[in-house]
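J.: Attaching a single structure in structure tokens format; questions to follow.
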Amino acid sequence: MSKSNRLFELMQMLRRHQRPVPGTELAREAGVSLRTIYRDIAALQALGAQIEGEPGFGYILKPGFLLPPLMFTEEEMHALTLGAQWVSRQTDPGLARAAENLLGKIGAVLPAELRPTLNENAFHVGRAPAHVNEIDLQIVRQAMREQRKLLISYRDPKGPATERIIWPIMLGFVETKRFVAGWCELRQDFRLFRTDRIGRAELQAGRYPGRRRDLAKQWRVKVDGENAKLSG
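Residues 0 to 231 in numbering that gives the first Met the number 0 are what the sequence shown lists, from first letter to last.
So this is what it looks like as structure tokens:
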């Protein structure tokens, strides 16, 4: 558990008690050492929490304290809004909704003076061109998330369409093109598949072996090696 989550949980524990709580009880409930509780109490007090007590006596939280809201620099706010706008206009409907929800959640906890930055329209991202009969990227993302195989029909410009079983490991967005990187069982190698050339994609029951992140690392090593050969 991260320190920020641990501090939040400690605050919740203190709020549940109306009387001083011994540090040993807090440590047992949180699953951490007593020394960690002492450090976290000190950290919360430094943030302004009115926690009274001392080791051996117990701790009690006075009412009225809230953890401070998220604080971002202007550059960080621009990065958030630009990134969310890009996702909402360049990916799929599922990720577009997620980007809008993300901005809504951030806006709810921002100080009032920073909220206008979310909607100041300082950037413009063009919408991705519509590709006729392009596959649903949400299916690809589900396959990646669950490490499921995909059966695809792929139109290779150098030959007839083929049916392949692939292990999708990564989505790529390059200019106006979208790609699926994955292991191709037909070629027994990593391949890039343009989504506008995939006629259909069907999620398979079978999971591919290993971990997706490890396969992605292997793919990157392969790509880096090929690029090194071309530049050398």
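The C-beta atom is built at its ideal place from N, Cα and C for all residues, glycine as well.
1) For the pair the segment 3 to 14 and the segment 53 to 64, tell me if three or more CB-CB distances fall below 8 Å.
2) Measuring only the C-alpha atoms, how far is ARG211 from MET143?
3) Report the rounded CA-to-CA distance for THR23 versus SER32, giving the unit in angstroms.
4) Could you give the distance in angstroms between the alpha-carbon of ALA204 and the alpha-carbon of ASN226?
5) Spell out the partners DSSP gives VAL20 in its beta bridges.
6) Okay, do the segment 145 to 152 and the segment 191 to 207 touch, 3+ Cβ pairs below 8 Å being the bar?
7) Roughly how many angstroms separate the alpha carbons of GLU28 and GLU8, rounded to a whole number?
8) What number of angstroms, rounded off, separates the C-alpha of THR175 from the C-alpha of GLY30?
9) Tell me whether GLY103 is buried or exposed, calling it buried when 16 or more other Cβ atoms sit within 10 Å of its Cβ.
10) Whole-angstrom Cβ separation of VAL86 and ALA98, contact assumed at under 8 Å?
11) Near GLY93, what residues of its chain come up, given a Cβ to Cβ distance below 6 Å and the 5 sequence neighbours on each side ignored?
12) Which of the three DSSP states, helix, strand or coil, is assigned to SER87?
T.: A quick look at the data gives this:
1) yes
2) 7 Å
3) 8 Å
4) 35 Å
5) TYR58
6) yes
7) 10 Å
8) Here the C-alpha atom of THR175 lies approximately 50 Å from the C-alpha atom of GLY30.
9) exposed
10) 4 Å
11) GLN137
12) helix
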